[in-house]
Each structure stands twice: as C-alpha cells, then as structure tokens.
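Some notes on the structure that comes next.
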Amino acid sequence: MDHFNAASFRLAFPAIRSTTVFLDSAATALKPVAMISASNNYYSLSGSSVYRGQSSESLKLTRDFEQGRIRAAKFINAPCEKNIIWTRGTTESINLIAQSYFRSVLQPGDEIIVSEIEHHSNLLPWIMLAQQTGAKVIKWPVENDLTLNIDVLKSKLSPKCKVVAITQMSNVTGYQPDLLAITQLVHQVGARIVVDGAQGVVHNPLDVTELNIDFYVFSAHKLYGPTGLGVCYGKMELLEQMPPWHGGGKMLTEVTFEHFTPAPIPQRFEAGTPNIAGVIAFSSVLEWLETIDLSSAEAYTRSLVEHANSKLSSLPGFIAYSAPHSPLLSFNFQGIHHSDLGVLLTEQNIALRYGQHCAQPLMDALKVSGCLRISMMPYNSLQDIDTFIDAVTFSLSLLND
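Numbering of the sequence shown is given in the numbering used here, commencing with residue 470 and proceeding in unit increments.
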C-alpha cells in the first residue's frame, strides 16, 4: 500500500480538472481512471455476456465478473463471496431485504425501529412494508446534539421488534452511530439489524463479520464506482430463507408452467442480464483502492472540512448541522434561505447540494425547511475550499445588501 499523497490521488480523477469546484461527493463520487478504463474496455473490446456463453471471451468475462464479487466481499470482510448480491443500488438492496426476508417474517403488531436521521431510502421501504404486514414503524428520535442516544433505543426495544434500520453515516450531519453497541442490543431481543452504508462505506469501510451485522448495503457510485450498481450483503442463514424477489433469466435451474427451481445463492436474486460493465469497472476500483492508505486519505478529507468550517464560522449568522470530524458540512445562514444562497453558489461553478437531502424527517426535527451541504473526498484540495469560501462571501454580500 502506498502512503497517501493528495496531489497524486487527485490526478486519478479526470473530472476534477473541470472548471466546476466539486463539493457534492455525498451525492456521487467522481470516477477514477481505473474505473473509466475498465468500463471503456468492456464496451470497446467485448461483445459477450456472462454465464450463458461458452466462448473463451465469455468465460473470461464471467471470471472477471465473479472476481468483482470476491473483491466486494473482501472489502467488507464478508465470510464468502456468496454473501454478496448485486443490485441496482442501496435503494433496491433495502427493498430486496424488506420484501424477500421481512415480509414473510412480520406479523400485525410487530415493530420496525428506524432512526430519525435516515435517508428516505432507509425509511420508505419500511413504511411500505408496515402497510403490507400490519407492523408498525417506531421512530428512534435524534437528540439535540444531532446524535442518537443508545438508552433511547434500549427503551424502545422489545420482543415485538423484528428489525432495526440504521445508517452507517448520516448524509446530512455526518454522524456515525456506534454500530457495534446497536447490533448487540438488537440481537439481545432477537431482532435483526439492517445497516445502510451508502454514505459511510467510502469514509469508514467496516467489517460486517466483526460487527455481526445481519444485512449491509451500499451503492458503488458513492465508492468511486459506476451508477446503477449496488452491493447487498446478508448472512448466509438469512439469505437461505429468502425467496427470489425478481423472476427472469439466470435466477433458476429448472422451470415448467407449474413450478421453478431457484438457482443457488446469490444468482437466485440476480434475475436477467446483469450490469456486466458496472461490476467489472467496480472490481477495478476495489483493486485500485487496495493501493491507497484509506485511513490517511480520510484524515486528509476531514481536515478539509475542518478548514471550511473554520472559515464559515467567521461569517455572521453561520449555523452548522454537522457532527465533529465529519467528512461533510451542512449549514445555513440566519435570515438567508438555503435555496437563494445555493443558486448564487452554483452560478459561480460551485457544485454542492441544497434542499432536504432526502431526509425530510430530520429536517423537521431540526426545524428547518432545508440546508446547504458540502461534502468532500480526498480528491478535493484547500484551493477548492478557498474558492468556495470566496463564493459564499460574495453571495452573502449580495443577499445582505
């Protein structure tokens, strides 16, 4: 593994050379040359699918495709590559888990605990499931300091609880709950834990085996990979209880008009032609990340956010909503509507996010209609932050005039 070098890391991302200052990585990460080349090579040099063909090219593609599964399993320390299901993203992964595992488990009166800091992708599937089964969604409220109180979870857990849905990292505050403590409490009442790793996976890769997590999901595009690809991890004993959710080609071994026999895990959950280029490109990303000192890269990223927070804090009316040591910063300015400031910043080629961030319940808890958010990756620089600060200062001068 190479020692982290910010300048060298930045060079791996062609899009960073754009005139736009990209501070919206929590929405999607920029793509490295390793990913772009692997994707281009597949579309330029290959004409085969995976699994179905017997040509040497098809067999090689199938091996490369499955190598991606092996690397994804290694990245989160899953026991085996068969624990990894390819989906279209975090959203589909959570819906798969809800419908294929929990729909047959939940009964009227059962409870689903969901934290108040969740992205809509880890709330809506559970609301829908509760409507289908007669179960009830229980809110685990956020505290005034933007954290989650473990004692509050303890008070809500009971034998009625069948699942706790929790984010690895809030996409608004950057807060990272204590997953080990949460998982231990959840298992004490016989419930299961589903962890949304969409935001956290790139900043703090976790060990699903050490933490004893039941289900863990994330999207490739937030981890420098392609869009339209997700990873769904599940414990094997749970996956074995799940019927296929989608029907189609490749997910069966035998079919008549009366019945079908599902393919082995994980193929039984991957109906149809898969995202071949996406998986192969993501595999290249995971291989490339093995050469990066991720801990040092994350420390560098957080130093950029601390620099931005320091500069913004000197401006009148600044209100921050982020946790300490976060790789993102959500904020408002007193008396300024977030969208007015957001529009002015985008007009100055600052790519950031403003609005509710697909976290409306959290906005309600914060008693705001929305906020602005900048989010960093190791490809950002101090110059990016200084340019952003200059743009904020100029925009506020117009809005306060």
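All C-beta atoms, glycine included, are put in the ideal place defined by N, C-alpha and C. Because the structure is a prediction, the values reported are computed rather than measured.
Close beta carbons around residue i, own chain, < 7 Å, minus the five adjacent residues each side
{"i": "M711", "result": "S569 and Y570"}
{"i": "Q536", "result": "S752"}
{"i": "P428", "result": "Nothing about residue 428 can be read from this structure; the chain reaches only from 470 to 870."}
{"i": "S864", "result": "L810, L813 and L814"}
{"i": "Q803", "result": "G786 and I788"}
{"i": "N778", "result": "A789 and L798"}
{"i": "I745", "result": "Y511, S518, V519, L530 and F534"}
Span of the alpha helix (DSSP H), counted from its first residue to its last, around residue i
{"i": "N778", "result": "L763 to S782"}
{"i": "A830", "result": "Correcting the residue identity first, residue 830 is Pro in this sequence and not Ala. Run containing P830: Q829 to L835, per the alpha helix (DSSP H) assignment."}
{"i": "G786", "result": "Counting along the chain, G786 falls outside any alpha helix (DSSP H), and DSSP gives it neither H nor E."}
{"i": "W595", "result": "L593 to T602"}
{"i": "S864", "result": "L851 to L868"}
N-terminal and C-terminal residue of the beta strand (DSSP E) that residue i is part of
{"i": "N801", "result": "L797 to F802"}
{"i": "G703", "result": "G699 to G703"}
{"i": "T844", "result": "Note on identity: in this sequence residue 844 is Ser, with Thr being the wrong assignment. Note, S844: beta strand (DSSP E), C840 to S844."}
{"i": "P731", "result": "F729 to P731"}
{"i": "E723", "result": "L721 to V724"}
Own chain, CB closer than 6 Å to residue i, minus 5 neighbours either side, in chain order
{"i": "F684", "result": "I566, V663 and G703"}
{"i": "P594", "result": "I563, N564 and A567"}
{"i": "I607", "result": "E580, I582 and K625"}
{"i": "Q825", "result": "M832 and G839"}
{"i": "A732", "result": "M720, L721 and T722"}
{"i": "G558", "result": "S688 and G699"}
{"i": "N681", "result": "T652"}
{"i": "T489", "result": "N818 and A820"}
{"i": "H807", "result": "N801, Y823, G839, C840 and L841"}
{"i": "V641", "result": "S799, H826, A828 and L831"}
{"i": "I843", "result": "L492, L798 and L821"}
Same chain, Cβ closer than 8 Å to residue i, neighbours up to 5 away in sequence not counted
{"i": "M470", "result": "Note that M470 has pLDDT 47, beneath the 50 cutoff, so the model's placement of it is unreliable and the number below is only indicative. Here the set comprises E759, T760, I761 and D762."}
{"i": "V861", "result": "L781, L784, L810 and L814"}
{"i": "L654", "result": "I619, L622, K623 and L626"}
{"i": "L499", "result": "F482, A484, I485, F491, Y693, M846 and Y848"}
{"i": "C630", "result": "D579, E580, I581, I582, I607, V655, V658 and A660"}
{"i": "F478", "result": "I761, A766, P847 and Y848"}
Residue i burial status per 10 Å Cβ neighbour count (16 or more: buried)
{"i": "Q668", "result": "buried"}
{"i": "S590", "result": "buried"}
{"i": "L798", "result": "buried"}
{"i": "R521", "result": "exposed"}
{"i": "A650", "result": "exposed"}
{"i": "S513", "result": "exposed"}
{"i": "S584", "result": "buried"}
{"i": "K836", "result": "exposed"}
{"i": "K543", "result": "exposed"}
{"i": "Q601", "result": "exposed"}
{"i": "L851", "result": "exposed"}
{"i": "N509", "result": "exposed"}
{"i": "F738", "result": "buried"}
For residue i: DSSP bridge partner residues
{"i": "A689", "result": "Answer by DSSP bridge pairing: none, since A689 is not bridged."}
{"i": "V812", "result": "DSSP, once it has assigned bridges, lists no residue as partnering V812."}
{"i": "F751", "result": "Paired residues: none, contrary to the question."}
{"i": "I805", "result": "F802"}
{"i": "R609", "result": "Inspection of the sequence shows that residue 609 is occupied by Trp rather than by Arg. Beta-bridge pairing links W609 to S584."}
{"i": "A820", "result": "F491"}
message = In chain order, what are the residue ranges of uninterrupted alpha helix (DSSP H) at least 4 long that sit wholly in the region 481 to 568?
response = Whole alpha helix (DSSP H) segments, 4+ residues: 502 to 514, 525 to 544 and 559 to 565.
ask   = Going along the chain, which unbroken runs of the beta strand (DSSP E) with 3 or more residues stay wholly within the region 612 to 685?
value = 630 to 636 and 661 to 665
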